[in-house]
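Beneath this line is the structure, given in structure tokens, with notes to follow.
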Amino acid sequence: MAIVTTTQARMLRRRRRINALMLALCALCCLLVLVPLAAVLIYVVSQGFSSLSLSLLTELPDPTAANGGGLLNAITGTLVLILIACAVGVTIGIMSGLYLAEFGQGRLAWSVRFITDVLAGLPSIVAGLVAYGLIVVATGAFSALSGGIALGLLMFPTVTRTTESVIRLVPNAVREAGLALGIPRWRVILSLVLPMAAGGIATAVILGIARVAGETAPLLFTAFGSPLTPTGLMQPVSALPLAIFVDSQAPDPQSHALAWAGALVLIVLVLLLNGIARLLARRFGGIR
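Residue numbers (our numbering): 206 to 493.
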């Protein structure tokens, strides 16, 4: 009995050492992930904070000004493009994710999943070429609509797969309870399943926005860029990633400072969108 007890004690000490080692490795991996993120944030803030001002948000770019003007056109253009992309990507993504989660059986569902996975890894410039061929060539003009559709094509695969995963987390007992009360299945989905998954769907939308918020390549030959604020969907518009790219290529230091300030504004915009989505998810409840 004493030998067995000693052996068990040794095994317990060994398990504790292995457990401590694995916890240390997990902490190290977490640190390795956080260090590059913190380094990028600190560097962007250090480079762009000095160029932040009210004029940056309220003025148009002006190469003759001492500070190079502002980024009002790029900020408003980014918001317009994101709204158009959400109108395309969120609508298609949520509907297709709902179909895959609730009715996703057979060859059609397999095909949808396969195509969605392929499109999730689609290079952004290919989406830009598709939007260019379908809209820019057809209309004969660069426009916010073509840029938003290009971003929407990049957004919806992320929204689709995330929405499917979230809706599948809703317990089947909820569906069975609704059906047992004689409620039609479509009403069960709309009134019970979707509200419970609202928080997760909001996260899916944020993931989709994060996927496209910093894209530059598809905008080069769709939205094209403009020094003016957008006044219509069929006109060229600028965007923060596009303005950052253009200003970073300019030879003057004022443009470089404007590019760093634009990068900081873009990061702040993404953080605000994440915060708003979290607040909405907490307000309306659901799976998170």
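Glycine included, each C-beta is placed from N, C-alpha and C at the ideal position.
Remember, it's a predicted structure, so these values are computed and weren't measured experimentally.
Supposed close pair residue i, residue j - CB separation, criterion 8 Å
i    : j    : result
I280 : L425 : Not a contact, Cβ separation roughly 19 Å.
V364 : G298 : 3 Å
A332 : L359 : 5 Å
G419 : L471 : 7 Å
S329 : V341 : Their Cβ separation, rounded to whole angstroms, is 16 Å, which puts S329 and V341 out of contact at 8 Å.
DSSP bridge partner residues for residue i (one or two, in chain order)
i    : result
F361 : F361 pairs with nothing; no bridge assigned.
F429 : V442
G274 : P266
Rounded separation between residue i and residue j - CA only
i    : j    : result
L334 : V417 : 15 Å
M439 : R312 : 39 Å
G353 : A402 : 26 Å
L233 : G387 : 53 Å
G404 : I287 : 20 Å
V285 : G294 : 14 Å
C291 : N272 : 33 Å
W465 : L226 : 41 Å
G437 : A349 : 8 Å
I492 : L384 : With a pLDDT of only 46 at I492, under 50, the local geometry of the prediction cannot be trusted, and no value is derived from it.
N377 : P241 : 41 Å
M216 : C235 : 28 Å
R318 : L257 : 44 Å
A244 : L259 : 26 Å
P456 : P268 : 12 Å
Q310 : R373 : 14 Å
I223 : T296 : 48 Å
G345 : V323 : 30 Å
A229 : W315 : 41 Å
Q252 : I289 : 31 Å
A270 : H461 : 14 Å
R220 : C231 : 16 Å
S443 : F429 : 7 Å
Beta carbon of residue i nearer than 8 Å to that of residue j
i    : j    : result
T427 : F347 : yes
T321 : R366 : yes
L469 : F254 : yes
L239 : L262 : no
S431 : P441 : yes
L265 : L433 : yes
E369 : G302 : yes
A415 : V475 : yes
L339 : P423 : no
P435 : G282 : yes
When the options are compared against residue i, the one with the closest alpha-carbon
i    : options                   : result
A306 : T263, V371, L474 and L313 : V371
V410 : D267, L478, Y337 and D322 : L478
L399 : G419, I414 and V375       : V375
F361 : A325, T212, A336 and I330 : A325
A407 : R215, G480 and R221       : G480
I394 : F450, T296, Y304 and L237 : Y304
G467 : F429, R390 and G275       : G275
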